[in-house]
Amino acid sequence: AQSVSQHNHHVILSEAASLELGCNYSYGGTVNLFWYVQYPGQHLQLLLKYFSGDPLVKGIKGFEAEFIKSKFSFNLRKPSVQWSDTAEYFCAVNPNTGGFKTIFGAGTRLFVKA
Amino acid sequence: SAVISQKPSRDICQRGTSLTIQCQVDSQVTMMFWYRQQPGQSLTLIATANQGSEATYESGFVIDKFPISRPNLTFSTLTVSNMSPEDSSIYLCSVETGPHEQFFGPGTRLTVL
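Chains as they are written, first to last, in our numbering: chain A, 90 to 203; chain B, 4 to 116.
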């Protein structure tokens with residue numbers, strides 16, 4: 090079955106530290122990839138997406154993610170985190186089969202210490 | 004982006020009862036989705052609701068347990084029937100705002116005693 094794995098359930102960083110959140114998926118075909126973020130008390134919202142083209146995609150608030158097809162990975166990065174980045178981050182995969190189902194990872198809770 | 008509201012935002016229910024969750028969108032959308040997020044777990048798609056047709060349920064979810072209505076292009080309901088404590092979860096509706104992109108509602112936090 091298709092699945093999405095996020096390696097870290099909880100991450101604690103100090104401000105200005107670099108961030109990398111791992112995401113791996115199991116599906117051999119073409120995929121659409123997403124990172125969603127949920128800030129405390131807010132709705133789940135799209136952070137960035139990859140459909141095709143340049144495997145390094147940039148999203149809002151200085152986040153970027155790199156699609157490595159050979160590793161089935163789509164890791165999220167930010168060079169220098171801020172306290173306001175404290176949130177839960179979800180990796181999601183939509184197998185490009187024409188269907189609507191998007192599969193979500195379990196999420197990573199990031200806490201940034203001021 | 005759309006504006007989505009869900010009612011109720013939270014509820015505590017007794018086992019054996021049913022709860023209907025409403026999802027209202029401020030614009031007309033074709034596809035609406037219902038998800039469940041159990042404590043410490045990922046979002047799991049329950050069903051896809053297209054206006055004017057029967058909802059499409061994912062494996063492990065059945066219409067008798069989670070009946071869905073989609074009477075128009077801005078509204079949908081999900082009913083959690085004959086509830087048990089295992090149904091305690093956050094229930095989210097979402098709409099498609101771009102190719103495979105989704106915009107989520109605030110969620111309904113359900114606790115079943």
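Note that the Cβ used here is the ideal one computed from N, Cα and C, for glycine as well.
By the Cβ neighbour-count rule, W37 of chain B is buried, with 16 or more other Cβ atoms within 10 Å of its own. When only Cα atoms are considered, V201 of chain A and A176 of chain A end up about 9 Å apart. As the crow flies, the alpha-carbon of Y60 of chain B is around 44 Å from that of A105 of chain A. Going by C-alpha positions, R198 of chain A is about 34 Å away from G19 of chain B. When Cβ-Cβ separations below 8 Å define contact, H96 of chain A makes no contact with chain B. Bounds of the beta strand (DSSP E) holding N121 of chain A are V120 to Q127. Contacts with chain A at 8 Å (Cβ-Cβ) do not include G55 of chain B. For a Cβ distance threshold of 7 Å, nothing in chain B lies close to T197 of chain A: the least Cβ distance comes to about 11 Å.
Non-local beta-carbon contacts of M34 of chain B in its own chain, meaning distances under 6 Å to residues more than five positions away in sequence, involve E99 in chain order.
Segment contact: the region 116–125 of chain A against the region 4–19 of chain B, fewer than three CB-CB distances shorter than 8 Å; contact not assigned.
Contact with chain B is absent for L110 of chain A, since none of that chain's Cβ atoms lies less than 8 Å from the residue's Cβ. For a Cβ distance threshold of 7 Å, residue set S45 of chain B lies close to G194 of chain A, ordered along the chain. With a beta-carbon spacing of about 21 Å, S91 of chain B and G194 of chain A fall beyond the 8 Å limit used to define contacts. Contact between the region 124–144 of chain A and the region 163–178 of chain A is established, with three or more Cβ pairs separated by less than 8 Å. Take K167 of chain A, set aside five residues on each side of it, and the residues of its chain with a beta-carbon closer than 6 Å to its own are L108, G151 and F152, in chain order. Apart from the 5 residues on each side of it in sequence, W172 of chain A sits with its Cβ closer than 7 Å to the Cβ of E104, V201 and A203 in its chain, given in chain order. Cβ neighbours of S87 of chain B within its own chain (closer than 7 Å, five residues either side excluded): R18 and V115.
Shown here, S159 of chain A sits in a helix according to DSSP, grouped into three states.
If you draw a 10 Å sphere on the C-beta of H103 of chain B, you find 16 or more other C-beta atoms in it, and that means buried. Between the C-alpha atoms of F107 of chain B and S159 of chain A there is a straight-line separation of about 31 Å. At a cut-off of 8 Å between beta-carbon atoms, F107 of chain B makes contact with chain A. Per DSSP, the beta bridge partners of F200 of chain A are A:I101. Rounded to the nearest whole angstrom, the CA to CA distance from L22 of chain B to N183 of chain A is 30 Å. One Cα belongs to P74 of chain B, the other to A52 of chain B, and the distance between them is close to 10 Å.
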